[in-house]
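There are 2 protein chains.
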Amino acid sequence: MSHTRYTRLAQSLPASVPFVGPETQERARKTPFAARLGANECVFGPSPLAIKAMQEAVPDVWMYGDPESYDLRAALAAFHGTRMDNIVVGEGIDGLLGYLARLMIEPGDCVVTSDGAYPTFNYHVAGFGGVLHKVPYRDDHEDLAALIARAHDVDAKLIYFANPDNPMGTWYSGADIRAALDSLPQGCILVLDEAYVECAPAGVAAQVDPHDPRVITMRTFSKGYGMAGARVGYAIGAPDLIRSFDKIRNHFGMNRISQAGALAALADQAWLAQVTSEIETARARIGKIAADNGLKTLTSATNFVTIDCGADGIFAKAVLDGLIAQDIFVRMPFAEPQNRCIRISCGQKADIDLFAAALPKALDHARSD
Amino acid sequence: MSHTRYTRLAQSLPASVPFVGPETQERARKTPFAARLGANECVFGPSPLAIKAMQEAVPDVWMYGDPESYDLRAALAAFHGTRMDNIVVGEGIDGLLGYLARLMIEPGDCVVTSDGAYPTFNYHVAGFGGVLHKVPYRDDHEDLAALIARAHDVDAKLIYFANPDNPMGTWYSGADIRAALDSLPQGCILVLDEAYVECAPAGVAAQVDPHDPRVITMRTFSKGYGMAGARVGYAIGAPDLIRSFDKIRNHFGMNRISQAGALAALADQAWLAQVTSEIETARARIGKIAADNGLKTLTSATNFVTIDCGADGIFAKAVLDGLIAQDIFVRMPFAEPQNRCIRISCGQKADIDLFAAALPKALDHARSD
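Just so you know, the sequences run in chain order S and D.
Number 151 in our numbering belongs to position 151 of the first sequence; there are no gaps in the numbering.
Number 224 in our numbering belongs to position 224 of the second sequence; there are no gaps in the numbering.
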């Protein structure tokens with residue numbers, strides 16, 4: 001036998017995973033990107049106060065972070081009007097989704113998501129042996145009613161639902177989501193990923209009772225707060241569920257610099273408002289560039305704009321490749337028919353200028369294929 | 001039924017965990033510690049070049065870190081004379097131990113460790129349903145031959161072995177460890193935790209063939225490199241085992257600032273040499289303070305010194321409490337008879353001065369109990 005006795009589950013998992021960073025592409029291309037508009041990072045960066053807090057925290061990084069993230073959780077509880085025991089802080093939403101899958105999913109357990117939704121969630125569910133049931137988008141929106149209906153059919157333990165959605169940028173009102181909770185199957189938890197909600201208009205964030213055991217809400221400092229590389233996310237939920245993370249999480253896993261940065265970022269809501277205003281401006285400009293090129297965009301409540309390239313996935317992929325060939329890092333949805341689109345993160349003016357210059361050539365390239 | 005349907009494993013896990021940070025103690029005491037000598041952090045801090053690299057990386061934290069940690073892995077491979085595919089970077093050794101447990105352990109699988117060794121490893125093994133078999137220390141050393149013998153008895157998948165050891169600070173020569181590999185059972189992997197090895201004399205690091213499938217070596221930037229709060233560890237092992245981490249790890253889990261800091265820290269070996277010299281000085285001084293108080297110390301190859309308080313665990317706990325009451329944060333071993341000791345991390349001169357002043361009173365307090 002081979003020396004290494006992996007678990008049966010580990011043996012069954014695919015060796016290749018969908019996580020390819022822009023740096024990997026840059027190494028393969030042997031040239032850097034000129035505009036980084038593919039990962040829905042916030043090019044406007046973190047609050048200057050958060051930058052200052054992180055730089056000041058650097059010399060103290062010889063100390064482990066507080067395993068309770070107490071100060072940050074206290075601030076988040078005050079911000080959201082919850083108790084501290086409604087909140088767990090983790091290594092980004094990605095890390096928290098992994099912990100949640102581990103707590104809930106054993107081999108054969110069913111989970112419902114949208115076909116083409118967040119691959120990292122799927123990765124974690126599959127990584128614990130869960131069975132994913134994928135519901136098509138409807139009119140480029142996640143189909144909440146159909147997700148819930150499927151959860152009834154398969155006795156799902158979890159439904160993943162991002163609001164606003166990635167990769168389409170579309171959304172439901174928070175009121176619609178609250179209303180839908182009553183139709184969830186018994187024993188099914190709605191994983192409400194609000195990663196982009198800071199970029200959304202009022203009324204999109206679902207004002208869920210934090211003690212409601214039927215839903216766990218995920219938030220992050222990676223998007224609106226501009227700290228993707230700091231890996232700080234948090235989940236809001238019923239204390240029993242939140243406390244269960246303590247059974248399995250990496251207690252000393254939080255970066256001390258990031259804890260300080262997130263605390264300062266949360267306190268600077270004026271910066272967040274300015275960033276979301278810049279994002280709105282960038283969204284409008286991306287929309288205009290698309291229109292100038294005869295393309296439609298989806299109305300977005302996020303820090304990116306999804307452009308309908310007007311044909312099929314092969315055509316959109318050719319447009320994407322044409323942009324990448326011109327050193328513009330962008331990505332596109334995976335699943336039909338959403339893969340007729342490409343997804344452009346909101347950049348600085350200079351980034352969008354580069355995109356504006358590159359798009360016509362990319363379209364010419366695609367049309368000439 | 002309860003709304004939340006945890007896995008059977010999650011339901012079975014204890015709600016309370018052994019991870020209590022000094023901040024938690026400070027909040028309970030309502031007063032900060034004056035000297036932080038309990039978590040084996042490196043009070044001498046990271047290289048000034050690493051501090052500079054991290055501070056410069058802060059404004060770029062809007063970008064995710066490279067999911068491959070390519071530059072850091074390339075530098076580590078060059079440093080260790082391995083190939084890049086021998087190395088996986090993760091969120092501290094803690095994070096990597098969790099991934100390893102997940103890859104290898106399913107409920108009922110046996111794992112061998114020393115009674116009183118690293119609790120985080122035990123936590124991860126138990127967290128995946130593994131059965132821990134604990135072997136007593138012998139003469140305050142981990143008992144490598146007995147660990148291997150027990151692994152044969154129980155068909156263990158993993159043996160955990162820290163060299164140098166925590167919490168005792170004792171060690172084996174690397175040559176002894178290499179020689180022991182031939183007596184490992186078929187299908188058993190030695191998890192060689194070298195967290196403290198940068199503080200050890202020449203010959204302690206085991207020069208294992210990185211392609212040897214019988215061992216995985218764990219290293220960290222938390223101890224000698226002084227970056228505990230940055231959460232950067234790495235494992236060296238056979239490519240098949242290293243590649244398997246990609247099936248389950250949090251691909252975008254690495255902090256971008258920490259990646260930059262670790263790269264700069266690794267390049268500044270002169271700083272590491274200076275720090276290890278300071279650690280040697282502190283170890284000698286702690287030894288002298290103990291001797292001045294009539295206590296013996298264990299010879300240490302780490303950044304801490306274990307002091308034998310000369311009686312039982314109750315007495316050592318009273319000494320510990322007496323130090324904490326004087327605002328000195330220290331910890332002690334868990335298991336008998338090692339719990340006759342307390343463990344003092346190497347501090348700056350000012351920290352050790354405080355310890356020197358506090359120890360006689362703590363001993364008086366313990367003796368008067």
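Beta carbons: idealized from backbone N, C-alpha and C, even for Gly.
Everything numeric in this text was worked out from a predicted model, so none of it was measured.
Legend entry - Where Met1 (chain S) falls, given that 16 or more other Cβ within 10 Å makes a residue buried: In this prediction, Met1 (chain S) scores a pLDDT of 48, lower than 50, which makes its location untrustworthy; the coordinate-derived value is nonetheless stated afterwards. Met1 (chain S) should be labelled exposed.
Legend entry - 8 Å CB neighbourhood of Asp85 (chain S) in its chain, flanking five on each side removed: Pro239, Ile242 and Arg243
Inset, instruction - At 9 Å on the CB atoms, spell out the chain S contacts of Asp139 (chain D), in chain order. - result: Correct list: empty, because the minimum Cβ distance to chain S is about 30 Å.
Inset, instruction - For Asn255 (chain D), go through chain S and note every residue whose CB falls closer than 9 Å to its CB, in chain order. - result: Glu91, Gly229, Ala230, Arg231, Asn255, Ile257 and Ser258
Inset, instruction - Under 8 Å between beta-carbons, which chain S residues line up against Trp62 (chain D)? List them in chain order, please. - result: Near Trp62 (chain D) (Cβ distances below 8 Å), the residues of chain S are Glu41, Cys42, Val43, Phe44, Gly45, Pro46, Gly226, Met227, Ala228 and Gly229.
Legend entry - Beta-carbon neighbours of Ile248 (chain D), restricted to chain S and to distances below 8 Å: Chain-ordered, the chain S residues with CB closer than 8 Å to the CB of Ile248 (chain D) read Ala10, Leu13 and Gly127.
Inset, instruction - Report yes or no: is there a C-beta of chain D within less than 9 Å of the C-beta of Met54 (chain S)? - result: yes
Inset, instruction - Could you run through the segment 156 to 170 of chain S and flag, in chain order, every residue whose CB is less than 8 Å away from some CB of chain D? - result: Lys157
Legend entry - Closest by C-alpha distance to Ser12 (chain D), when choosing among S:Gly233, S:Lys134, S:Leu103 and S:Asp143: S:Leu103
Legend entry - Contact with chain S by Met1 (chain D), beta-carbon distance below 9 Å: No answer about Met1 (chain D) holds up, because its pLDDT of 48 lies below 50 and its placement is not dependable.
Inset, instruction - Determine, using beta carbons only, whether Ser277 (chain D) comes closer than 9 Å to chain S. - result: no
Inset, instruction - Let me know the beta strand (DSSP E) ranges lying completely inside the segment 27 to 84 of chain S, each 3 residues or longer, listed in chain order. - result: none
Legend entry - Test: Pro59 (chain D) CB closer than 9 Å to a CB of chain S: yes
Legend entry - Under 9 Å by beta carbon: chain S residues contacting Thr370 (chain D): This structure leaves residue 370 (chain D) out entirely; chain D is present only between 1 and 369.
Inset, instruction - Check whether the Cβ of Ile314 (chain D) sits closer than 8 Å to any heavy atom of the ligand GDP, and report yes or no. - result: Absence of the ligand GDP is noted for the structure shown, with no ligands found whatsoever.
Inset, instruction - Using a threshold of 9 Å, state whether the C-beta atoms of Gly303 (chain S) and Asn40 (chain S) are closer than that. - result: According to the sequence displayed, residue 303 (chain S) carries Asn and not Gly. Cβ distance < 9 Å, so Asn303 (chain S) and Asn40 (chain S) count as in contact.
Inset, instruction - Flag Tyr172 (chain D) as yes if its beta-carbon sits less than 9 Å from any beta-carbon of chain S, otherwise no. - result: Taking Cβ atoms only, chain S never reaches closer than 9 Å to Tyr172 (chain D), which makes this a no.
Legend entry - Nonlocal neighbours in the same chain, by C-beta distance under 7 Å from Val275 (chain S), ignoring five residues either side: For Val275 (chain S), where only same-chain residues beyond five positions count, the Cβ hits under 7 Å are Cys42, Phe44, Gly224 and Gly226.
Inset, instruction - Compute the distance between the beta-carbons of Ile87 (chain S) and Tyr234 (chain S), then report whether it is under 9 Å. - result: yes
Legend entry - Nearest-angstrom Cβ-Cβ length linking Ala117 (chain D) and Tyr160 (chain D), presumed shorter than 8 Å: Sure, about 6 Å apart at Cβ, within 8 Å.
Inset, instruction - Closer than 6 Å by C-beta to Ala335 (chain S): which residues in its own chain qualify, once you throw out the five before and the five after it? Chain order, please. - result: Asp115 and Gly116
Inset, instruction - Examine the Cβ distances between the segment 92 to 110 of chain D and the segment 246 to 254 of chain S and report whether three or more of them are shorter than 8 Å. - result: yes
Legend entry - For Leu298 (chain D) and Gly174 (chain D), believed in contact at Cβ under 8 Å, the rounded distance: Contact doesn't hold; Cβ gap of about 20 Å is too wide.
Inset, instruction - Tell me whether Met1 (chain S) sits in a helix, a strand or coil according to DSSP, three-state version. - result: Note that Met1 (chain S) scores a pLDDT of 48, beneath 50, so its modelled location is shaky; the value from the coordinates is reported in the next line. Coil.
Inset, instruction - In angstroms with no decimal places, state the Cα-to-Cα distance between Phe178 (chain S) and Asp268 (chain S). - result: Sequence check: residue 178 (chain S) is Arg here, not Phe. Approximately 28 Å between the Cα atoms of the pair.
Inset, instruction - For the segment 74 to 149 of chain S, list the alpha helix (DSSP H) runs that are entirely contained and at least 4 residues long, ordered along the chain. - result: Complete alpha helix (DSSP H) runs here, min 4: 92 to 104 and 119 to 127.
Inset, instruction - Answer with buried or exposed for Gly130 (chain S), where buried requires no fewer than 16 other C-beta atoms within 10 angstroms of its C-beta. - result: buried
Legend entry - 9 Å Cβ cutoff, His403 (chain S) in contact with chain D: Missing from the structure shown is residue 403 (chain S); chain S here goes from 1 to 369 and no further.
Inset, instruction - Under 7 Å Cβ to Cβ from Ser300 (chain D), same chain only, skipping five residues before and after it: list those, please. - result: Gly169, Arg283 and Thr306
Inset, instruction - Please say whether Gly229 (chain D) and Asp60 (chain S) have beta carbons closer to each other than 9 Å? - result: Closer than 9 Å, so yes.
Legend entry - Within chain D, partners of Asp268 (chain S) - CB distance below 8 Å: Within 8 Å Cβ-Cβ: nothing; Asp268 (chain S) doesn't reach chain D, min ~15 Å.
Inset, instruction - For Lys157 (chain S), count neighbouring Cβ atoms within 10 angstroms of its own Cβ and tell me buried if that reaches 16, exposed if not. - result: buried
Legend entry - C-beta contact flag for Pro333 (chain S) and Pro167 (chain S) at 9 Å: yes
Legend entry - Residue-chain proximity (Ile51 (chain S), chain D), Cβ-Cβ < 9 Å: yes
Inset, instruction - For Ala270 (chain D), count neighbouring C-beta atoms within 10 Å of its own C-beta (all shown protein chains included) and say buried if the count is 16 or more, exposed if not. - result: exposed
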